[in-house]
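Engineer:
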Amino acid sequence: MNVEDFMTKDVIVIGADESLEEAARKLRKYRISGAPVVEDGNVIGVISEADLLKALEEKSISLNTLLPSPLDLIELPVRVKLNIDKITKEIKLLDKLKIKDIMTKSAITISPEEDISKAARLMRERGINRLPVVKDSKIVGIITRADLLKAF
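Residue numbers (the numbering used here): 1 to 152.
If you want it as structure tokens, here you go:
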């Protein structure tokens with residue numbers, strides 16, 4: 001049994017230059033947890049909900065920036081100006097991030113002619129949930145753990 005027998009052929013892809021918001025909307029719309037990232041039709045990485053959440057966690061504004069502690073209130077007049085500047089800067093930085101900045105690079109791919117046992121082994125060994133299926137450097141499908149279960 002080959003990968004092409006179980007893969008999903010209509011692949012939802014995310015463009016490398018899409019914003020985090022665009023990618024999150026696409027994942028929600030199609031009810032998927034991740035997708036291949038493409039540039040000029042070539043798979044250059046994979047993006048997942050976990051990657052998006054990690055980016056938000058790392059780049060988001062901390063509560064201390066928004067809600068000063070009681071001790072910080074002493075310096076409040078000076079801090080208000082600094083906080084506004086910091087918040088504005090962080091929001092602009094988050095808006096400028098593109099998927100290519102946070103994706104998992106060098107995606108592990110598989111050929112449609114490969115046996116599904118190889119796909120299962122790759123997913124297990126690498127701890128991944130999906131494999132872009134690539135032929136002649138172009139994406140032709142995706143195989144997920146759920147797709148592999150259809151083999152039984």
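Glycine included, each C-beta is placed from N, C-alpha and C at the ideal position.
#1: CB-CB under 7 Å to L122, same chain, minus the five flanking residues each way: which ones, in chain order?
#2: Can you tell me which of E4, L149, V133 and P36 puts its alpha carbon nearest to the alpha carbon of E49?
#3: Beta strand (DSSP E) containing S48: first to last residue?
#4: How big is the Cα-Cα spacing for I143 and A119?
#5: Short check: CB of M7 to CB of A151, under 7 Å?
#6: What does the alpha-carbon distance come out to for the pair D40 and I139?
#7: Distance cutoff 7 Å, beta carbons only. Does K150 sit that close to anything in chain C?
#8: Measure the alpha-carbon distance for G141 versus K9 and round it to whole angstroms.
#9: Mark G45 as exposed unless 16 or more other C-beta atoms lie within 10 angstroms of its C-beta, in which case mark it buried.
#10: Going by other Cβ atoms of all chains shown within 10 Å of its Cβ, with 16 needed for buried, is G127 buried or exposed?
#11: Could you give the residue range of the beta strand (DSSP E) that holds E39?
Structural biologist: On the basis of the supplied data:
#1: For this step, residue 122 is matched to residue 122 along the sequence shown. Closer than 7 Å at the Cβ level, and outside the excluded window around L122, lie I108, I110 and L131.
#2: Counted from its first residue, the sequence shown places residue 49 at position 49. Minimum Cα distance to E49 is reached at P36.
#3: Residue mapping note: residue 48 aligns to position 48 of the sequence shown, counting from 1. Where S48 is concerned, the enclosing beta strand (DSSP E) stretches over N42 to S48.
#4: By one-based count along the sequence shown, residue 143 stands at place 143. By one-based count along the sequence shown, residue 119 stands at place 119. When rounded, the distance between both Cα atoms is 8 Å.
#5: Mapped onto the sequence shown, residue 7 falls at position 7. Mapped onto the sequence shown, residue 151 falls at position 151. Going by C-beta atoms, M7 is not nearer than 7 Å to A151.
#6: The residue labelled residue 40 in the question sits at position 40 within the sequence shown. The residue labelled residue 139 in the question sits at position 139 within the sequence shown. The alpha-carbon atoms of D40 and I139 are separated by roughly 11 Å.
#7: Absence of chain C from the displayed structure is noted, only one protein chain being present.
#8: Translated into the one-based positions of the sequence shown, residue 141 becomes position 141. Translated into the one-based positions of the sequence shown, residue 9 becomes position 9. Taking the straight line joining both Cα atoms gives about 4 Å.
#9: Taking the first residue of the sequence shown as 1, we reach residue 45 at position 45. Flag for G45 reads buried.
#10: Mapped onto the sequence shown, residue 127 falls at position 127. Answer is exposed; the Cβ neighbour count stays below 16.
#11: As a working note, residue 39 is residue 39 in the sequence shown. Note, E39: beta strand (DSSP E), G34 to E39.
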